[in-house]
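Peer 1:
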Amino acid sequence: MSLTETLNGDLKAAMKARDKQSLSVLRMLKSALMNEKINAGHDLTADEEVSVISRELKQRRESLSEFEKADRQDLVDGIKAEIAIVEKYMPKQLSDDEVKQIVADTIQQVGATGKSDFGKVMGAVMPKLKGQADGKLINQTVKSLLN
335 MSLTETLNGD LKAAMKARDK QSLSVLRMLK SALMNEKINA GHDLTADEEV SVISRELKQR
395 RESLSEFEKA DRQDLVDGIK AEIAIVEKYM PKQLSDDEVK QIVADTIQQV GATGKSDFGK
455 VMGAVMPKLK GQADGKLINQ TVKSLLN
């Protein structure tokens, strides 16, 4: 069952339950997927769907940090609820240790020796971890292991 089909089923369930918060977020996700499908000109692959959902999740996390800086608790609560809903559609996230192991293996494969090889390592590791770990975590792990 594709992500779009799952989303449609959950959208119907949210309508029946009259869950306005979930309904709003699910509609936003469905809209983002449809826009990407139109832009691509073909049905989205599973990787492309995950990419769209992760982009939406990243936007919400950035909004959350901005609202926390501005001390807007009313908006923080709403964004946290949205993040929880969006996270349901993301693949299982890897732990910090798993990410560190994959990055270390990639550094050995690429033959990286220092900070100057950062771009080479990131280019090799990002496709492996796409959708399974936060980009910021991957970036920090690569930097720490290259030092």
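Using our numbering, read the sequence shown as starting at 335 and increasing by one per residue.
All C-beta atoms, glycine included, are put in the ideal place defined by N, C-alpha and C.
It should be emphasised that the depicted structure is a prediction, and the values quoted were computed from it without experimental measurement.
Contact defined as beta carbons within less than 8 Å: I believe Val-455 pairs with Ile-436. What is the distance between those atoms, to the nearest angstrom?
Peer 2: Here residue 455 refers to the residue found at position 121 of the sequence shown. Here residue 436 refers to the residue found at position 102 of the sequence shown. Between Ile-436 and Val-455 the Cβ distance is about 11 Å, and since that is not below 8 Å, they are no contact.
Peer 1: Among Lys-426, Leu-428, Gln-427 and Arg-395, whose alpha-carbon lies nearest the alpha-carbon of Gly-412?
Peer 2: Indexing the sequence shown from 1 puts residue 412 at position 78. Ranking the options by Cα distance to Gly-412, first place goes to Arg-395.
Peer 1: If contacts are defined as beta-carbon pairs under 8 Å, then Met-424 and Leu-391 qualify, I think. What distance do you get, rounded to the angstrom?
Peer 2: Here residue 424 refers to the residue found at position 90 when the sequence shown is read from its first residue. Here residue 391 refers to the residue found at position 57 when the sequence shown is read from its first residue. At roughly 6 Å, the Cβ-Cβ gap stays under 8 Å, so Met-424 and Leu-391 are in contact.
Peer 1: In three-state DSSP terms, what is Leu-378?
Peer 2: Counting from one through the sequence shown, the residue named residue 378 turns up at place 44. If DSSP states are grouped into helix, strand and coil, Leu-378 belongs with coil.
Peer 1: Would you call the segment 336–351 in contact with the segment 361–376, where contact means no fewer than 3 C-beta pairs closer than 8 Å?
Peer 2: Contact holds: three or more Cβ-Cβ distances are below 8 Å.
Peer 1: According to DSSP, is Asp-405 part of a helix, a strand, or is it coil?
Peer 2: Start at 1 with the first residue of the sequence shown, and residue 405 comes out as number 71. Of the three classes helix, strand and coil, the one that applies to Asp-405 here is coil, per DSSP.
Peer 1: Once you ignore the five residues that flank Val-444 on each side, which residues in its own chain have a CB closer than 6 Å to its CB?
Peer 2: Your numbering for residue 444 matches position 110 in the sequence shown. Hits under 6 Å: Lys-454, Val-455 and Ala-458.
Peer 1: Out of Thr-338, Met-349 and Gln-355, which has the shortest C-alpha to C-alpha gap to Ala-418?
Peer 2: Looking up residue 418 in the sequence shown gives position 84. Nearest C-alpha to Ala-418: Gln-355.
Peer 1: Which residues in the same chain as Lys-434 place their Cβ atom closer than 8 Å to its Cβ, once the five residues preceding and following it in sequence are excluded?
Peer 2: The residue labelled residue 434 in the question sits at position 100 within the sequence shown. Closer than 8 Å at Cβ, skipping near neighbours: Thr-475 and Leu-479.
Peer 1: Taking only the alpha-carbon atoms, compute the straight-line gap between Gln-427 and Gln-466 and give it to the nearest angstrom.
Peer 2: On the sequence shown, residue 427 is found 93 positions in, with the first residue counted as 1. On the sequence shown, residue 466 is found 132 positions in, with the first residue counted as 1. Their backbone Cα atoms lie some 5 Å apart in a straight line.
Peer 1: Measuring CA to CA, which of Thr-447, Lys-470, Glu-416 and Glu-421 is closest to Ser-358?
Peer 2: As a working note, residue 358 is residue 24 in the sequence shown. The candidate whose alpha carbon is nearest that of Ser-358 is Glu-416.
Peer 1: Since Glu-370 and Leu-337 are thought to touch, with beta carbons under 8 Å apart, how far apart are those beta carbons, to the nearest angstrom?
Peer 2: What you label residue 370 is simply residue 36 of the sequence shown in a count that begins at 1. What you label residue 337 is simply residue 3 of the sequence shown in a count that begins at 1. Wrong, their Cβ atoms sit about 12 Å apart, outside the cutoff.
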